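One line per chain: the protein sequences are E and A, in this order. Counted from 1, the first sequence has number 4 at position 3 by my numbering; the numbering is strictly sequential. Counted from 1, the second sequence has number 98 at position 97 by my numbering; the numbering is strictly sequential. Think of the CB as a built atom: it goes at the ideal place given N, C-alpha and C, for glycine as much as any other residue. Note that the structure is predicted; figures quoted are calculated from it, not measured.
Number of protein chains: 2
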Amino acid sequence: MIYFEDLEVGKQTVFGHYAVTRQEVIEFATKYDPQPFHLSDEAAAKTHFGRIAASGWHTAAMTMAVIARAVVAEEQAGLGSPGIDELRWLKPVYPGDRITVSGTIIEKTPSRSKPDIGSFRTQTVVSNQDGVEVMRFTSIVLMRRRPG
Amino acid sequence: MIYFEDLEVGKQTVFGHYAVTRQEVIEFATKYDPQPFHLSDEAAAKTHFGRIAASGWHTAAMTMAVIARAVVAEEQAGLGSPGIDELRWLKPVYPGDRITVSGTIIEKTPSRSKPDIGSFRTQTVVSNQDGVEVMRFTSIVLMRRRPG
Numbered sequence: 002m003i004y005f006e007d008l009e010v011g012k013q014t015v016f017g018h019y020a021v022t023r024q025e026v027i028e029f030a031t032k033y034d035p036q037p038f039h040l041s042d043e044a045a046a047k048t049h050f051g052r053i054a055a056s057g058w059h060t061a062a063m064t065m066a067v068i069a070r071a072v073v074a075e076e077q078a079g080l081g082s083p084g085i086d087e088l089r090w091l092k093p094v095y096p097g098d099r100i101t102v103s104g105t106i107i108e109k110t111p112s113r114s115k116p117d118i119g120s121f122r123t124q125t126v127v128s129n130q131d132g133v134e135v136m137r138f139t140s141i142v143l144m145r146r147r148p149g
Numbered sequence: 002m003i004y005f006e007d008l009e010v011g012k013q014t015v016f017g018h019y020a021v022t023r024q025e026v027i028e029f030a031t032k033y034d035p036q037p038f039h040l041s042d043e044a045a046a047k048t049h050f051g052r053i054a055a056s057g058w059h060t061a062a063m064t065m066a067v068i069a070r071a072v073v074a075e076e077q078a079g080l081g082s083p084g085i086d087e088l089r090w091l092k093p094v095y096p097g098d099r100i101t102v103s104g105t106i107i108e109k110t111p112s113r114s115k116p117d118i119g120s121f122r123t124q125t126v127v128s129n130q131d132g133v134e135v136m137r138f139t140s141i142v143l144m145r146r147r148p149g
């Protein structure tokens, strides 16, 4: 189990990759973000997207998928997140793209009111197969401290 | 069609509601956020969640679903969003909850480089059936200006 004490400020982790498929882009958008440029190449061609592009919330979800799989695999004692700052969708994410998710721990702070938990801030960066940054955000994450 | 010129700073809009189901919470978490407290009541009982709670990214996606349906229905000339600031997951969202999404336009700014678009900032607030705020964020949205 990885606890708050095991986190290293400044350490960068490459969490992994996610292959973006046309079917999933359309499924997600149909359910959660049915704006025309997420559903149809014709509609997207009339915008700066040019062709069908993933919903930004879908990119965030795919990013979380990559992080969560890594976190669950190494049994991090995470307790969820109170929030996200400065999320930026920098470039469109297209079907056929393969995104890479990496994160750097910026700071960690033991809770003053709850001695068994701490919080840390990470900078998450998502790039596509051409090395172009497509999304970034800062997140706050709660984590258990090592017992005893 | 609703254009940038039609937006009114300070105006609050109630976009609608979303019923949170256990099946959808588990489906989303399985795919995008498989942390134990989003998948199992037993695991969630060992955390401050108490019982199975929606992924925060799922709450964001459900929120977008409510906004997008309203925006598409009234044919807003939106062009996507460059980003989100100060997203806060204030309280857990549970299966059986019914969330209400409302938004207030904080400011609008015509683009200096692109005469056919403008951007606006909105404060989005999500509450549950008890009137408790569960999430809030500020978003930046691009929109077409009225032609001609």
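Relative to the C-alpha of residue i, which residue among the options is closest?
| i | options | result |
| --- | --- | --- |
| R137/A | L8/A, W58/A and A69/A | W58/A |
| K47/E | G79/A, P37/A, E87/A and A74/A | G79/A |
| S82/E | A20/A, Q130/A and F38/A | F38/A |
| G119/E | P96/E, R145/E and D7/E | R145/E |
| H49/E | R113/E, L91/E, V21/E and V133/E | L91/E |
| G97/E | I141/E, R23/E and R113/E | R23/E |
| T125/E | G51/E, V26/E, I107/E and S112/E | I107/E |
| L143/E | I85/E, T14/E, T60/E and Y19/E | I85/E |
| E134/A | P93/A, E75/A and Y19/A | P93/A |
| T14/E | T31/E, R89/E and T123/E | T123/E |
| I141/A | G104/E, R99/E and R89/E | R89/E |
| I27/E | V127/E, M2/E and S56/E | S56/E |
| T31/A | S103/E, V67/E, G51/E and E6/E | V67/E |
| R99/A | M2/A, V127/A and E87/A | V127/A |
| Q103/E | Y95/E, T139/E and E6/E | Looking at the sequence provided, one finds Ser at residue 103/E rather than Gln. The candidate whose alpha carbon is nearest that of S103/E is T139/E. |
For residue i and residue j, I'd like the C-alpha separation in whole angstroms.
| i | j | result |
| --- | --- | --- |
| F121/E | A69/E | 16 Å |
| G149/E | P116/E | 11 Å |
| Q77/E | T101/E | 20 Å |
| M65/A | Y33/E | 6 Å |
| L40/E | I53/E | 6 Å |
| P111/E | D131/E | 38 Å |
| F29/A | V21/A | 11 Å |
| Y4/A | K109/A | 12 Å |
| R147/A | V10/A | 17 Å |
| N1/E | A71/E | What is shown of chain E runs 2 to 149, which leaves residue 1/E out entirely. |
| E43/E | K12/A | 33 Å |
| P35/A | A45/A | 12 Å |
| G17/A | M63/A | 11 Å |
| L8/E | A74/E | 16 Å |
| A61/E | S114/E | 31 Å |
| M2/E | T105/E | 20 Å |
| G51/A | E87/A | 25 Å |
| E6/E | E6/A | 52 Å |
| Y95/A | Y95/E | 32 Å |
Under the three-state reduction of DSSP, which class applies to residue i: helix, strand or coil?
| i | result |
| --- | --- |
| R145/A | strand |
| G104/A | strand |
| R52/A | coil |
| Q130/E | coil |
| E87/E | strand |
| R113/E | coil |
| G97/E | coil |
Could you give the residue range of the beta strand (DSSP E) that holds residue i?
| i | result |
| --- | --- |
| V15/A | Q13 to A20 |
List the endpoints of the continuous alpha helix (DSSP H) containing residue i.
| i | result |
| --- | --- |
| E9/A | Careful: E9/A lies outside any alpha helix (DSSP H) and carries neither H nor E. |
| H59/E | G57 to A74 |
| A30/E | R23 to Y33 |
| A78/A | Run containing A78/A: none; DSSP gives neither H nor E here. |
Taking a Cβ distance cut-off of 9 Å, strictly less, list which residues of the region 28-55 of chain E are near chain A, in chain order.
Going along the region 28-55 of chain E in chain order, one finds F29, A30, K32, Y33, D34, P35, Q36, P37, F38, H39, T48, H49, F50 and A54 with a Cβ nearer than 9 Å to chain A.
Members of the region 2-29 of chain A that neighbour chain E once the beta carbon cut-off is set at 7 Å
none
Please list, in chain order, the residues of the region 99-117 of chain E that have any C-beta partner in chain A closer than 7 Å.
none
Of the residues that make up the region 129-147 of chain A, which ones have a beta carbon closer than 7 Å to any beta carbon in chain E?
none
With 8 Å as the C-beta to C-beta threshold (strictly closer), list the residues of the region 69-83 of chain E near chain A in chain order.
Against chain A - using a Cβ distance shorter than 8 Å - the residues of the region 69-83 of chain E are A69, R70, V72, V73, G79, L80, G81, S82 and P83.
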